[in-house]
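Novice:
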Amino acid sequence: FVLIFHELGDTFVANALNIVVLTAALSVYNSCVYCNSRMLFGLAQQGNAPKALLNVDKRGVPVSSILVSAVVTALCVLLNYLAPESAFGLLMALVVSALVINWAMISLAHMMFRRAKQQQGVKTRFPALFYPFGNVLCLLFMAAVLIIMLMTPGMAISVWLIPVWLLILGVGYLCKEKTAKTVKAH
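When you number the sequence shown by the working numbering, it's gap-free, plus one each residue, and the end is 265.
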């Protein structure tokens, strides 16, 4: 719309629209920093993130968590500066990869949960429709998304990073479990 108004010669409306879009983007960013910092703080409280993220100022603002968000933002800005033609696509591909991981984990966890409940002889009060076919369909759809991403230039790297990310998460989980067992032993 900005380009349309600019081409029509109405720079005032084009600039006003730019201000609205930028204000909306800053508002979204602000809410993301707020949510992300509180989520990191909560994970640290549960012992699922480094204790350094528990650092708060005198008003209770999780400063360390906000700093982590700022560093990630700075890295994204740097990526955009270094590769402006591909940065947005790469970041979107990483987001899609994260969504694929999330949905696959949800489907697998649900299948394992239902199987365990069936083995215990427990009947669920609100069974999911089409179980287990819905879960299998979801997993097949996620696999199709990954295949499409592999065939799309610029998106394949994010698919190849999924196993690396899962390995990092797995090592982190094993370290956390080892620490928890050591603490319980003492």
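Yeah, the Cβ is synthetic: ideal placement off N, Cα and C, and Gly gets one too.
Quick one: any contact between the stretch 232-252 and the stretch 175-182, if contact means 3 or more CB pairs under 8 Å?
Specialist: Yes: at least three Cβ pairs fall under 8 Å.
Novice: For Phe205, count neighbouring C-beta atoms within 10 Å of its own C-beta (all shown protein chains included) and say buried if the count is 16 or more, exposed if not.
Specialist: That one is exposed.
Novice: In chain order, what residues of the same chain lie with their CB nearer than 8 Å to the CB of Gly168, ignoring the 5 residues before and after it?
Specialist: Excluding positions up to five away in sequence, the list reads Gly233, Met234.
Novice: Leu219: which of Ser186, Lys196, Leu208, Leu246 sits nearest, CA to CA?
Specialist: Out of Ser186, Lys196, Leu208, Leu246, Ser186 has the C-alpha closest to the C-alpha of Leu219.
Novice: Measure the Cβ-Cβ separation of Leu132 and Ser144 and say whether it is below 8 Å.
Specialist: Contact: yes.
Novice: Alpha carbon to alpha carbon, how far is Trp239 from Gly213?
Specialist: Answer to the nearest angstrom: the Cα atoms are 26 Å apart.
Novice: What residue range is occupied by the uninterrupted alpha helix (DSSP H) comprising Tyr210?
Specialist: No alpha helix (DSSP H) holds Tyr210; DSSP gives it neither H nor E.
Novice: Which whole-angstrom value describes the C-beta separation of Ala172 and Met228, a residue pair presumed to lie in contact below a C-beta threshold of 8 Å?
Specialist: Confirmed, Cβ separation roughly 6 Å.
Novice: What span of residues does the alpha helix (DSSP H) with Lys137 cover, start to end?
Specialist: Premise fails: Lys137 is in no alpha helix (DSSP H) and is neither H nor E.
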